[in-house]
Amino acid sequence: MATTRRTAKSTPAAEGETAASPEVHPDQQPATLDACRRCALWANATQGVPGAGPKRAPIMMVGEQPGDKEDLAGLPFVGPAGALLDDALAEAGVARKEVYVTNAVKHFKWTPRGKRRMHKTPAQREVDACHYWLERELENVGAHVIVALGATALKAVLEDPKSRLQDSIGTVIEHGDRLVVATYHPSFALRAPDPETRQRAYAAIVAALQDAKKLAQRHKK
Ligand code: SF4
């Protein structure tokens, strides 16, 4: 698939800024990500980043939002967190090409620090607005097993802003006709302050992927 190179935007409007408030239509039903104005995140991102993977897949992995590299590439999980996820998938014996990978929020939310664009956690209203797209992916891909990578993804997948990652890790949650396995976001396994926590988070991600694989195999039989 051809990837269009674009230049990163470098002048975000501060949150709450009114003079240059971007166009927002919460009830819009857009046909494409680039036309989406359901929340304000489109305005400072380079492009919308859709999910990637097979049209139909037994497992879907959902992260939080695109990072700096994903925003530029237009592809999910291609930065450092994606590399860690690839390692975890390999260790769990799951082929990435057989898994659909996406994010709860499709535009990169960031704040400037010097010349760098630093990740900023999306607000619940932005997660809710973007559920429009996640729901479509869930329906189209038809995955029976969903791996929620981190707290934002878990809330988005369960459509429950009160769900807590810590209460859900290591459990399988039945959600309608899907099974949800919750684990840490790969960025946490990269950036946790101490090596023990990073190692534990990585092991939990591998374990979650192993569980997802077993659940998907059981569902296939
Ligand atoms: S983050 Fe989601 S809801 Fe908000 S503009 Fe982008 S695609 Fe639309």
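When we follow this note's numbering, the leftmost residue of the sequence shown carries the number 219, and every step to the right adds one. We treat Cβ as the ideally placed atom computed from N, Cα and C, and that holds for glycine. As the structure is a prediction and not an experimental result, all values here were calculated from the model.
Residue pairing from DSSP places Tyr-318 in a beta bridge opposite Met-278. Inter-residue distance for Leu-397 and Gly-300 is about 23 Å (C-alpha atoms, whole angstroms).
When rounded, the separation of the alpha-carbon atoms in Val-363 and Met-279 is 9 Å. According to DSSP, Glu-392 shares a beta bridge with Leu-397. In the DSSP assignment, Ile-364 forms a beta bridge with Met-278, Val-398. Counting along the chain, no alpha helix (DSSP H) covers His-243, and no H or E run does either. A heavy atom of the ligand SF4 is found nearer than 6 Å to the CB of His-325. Asp-289 and Thr-415 have their C-alpha atoms some 28 Å from each other.
The beta carbons of Phe-326 and Ala-421 sit about 29 Å from each other, so the pair does not count as a contact at 8 Å. Secondary structure of His-337 (DSSP, three-state): strand. Between Cys-257 and Ala-322, the C-beta gap is not smaller than 7 Å, which leaves the two residues out of contact. The way I'd put it, the segment 420-435 does touch the segment 351-366; three or more beta-carbon pairs between them come closer than 8 Å.
DSSP lists Val-319 as the bridge partner or partners of Ala-270. Per DSSP, reduced to three states, the secondary structure at Pro-330 is strand.
Three or more Cβ pairs drawn from the segment 268-279 and the segment 310-319 lie within less than 8 Å of each other, which places the two stretches in contact. A straight line joining the alpha-carbon of Phe-295 with that of Ala-238 spans about 30 Å. Distance between Val-267 and Asp-412, taken at the CA atoms: about 31 Å.
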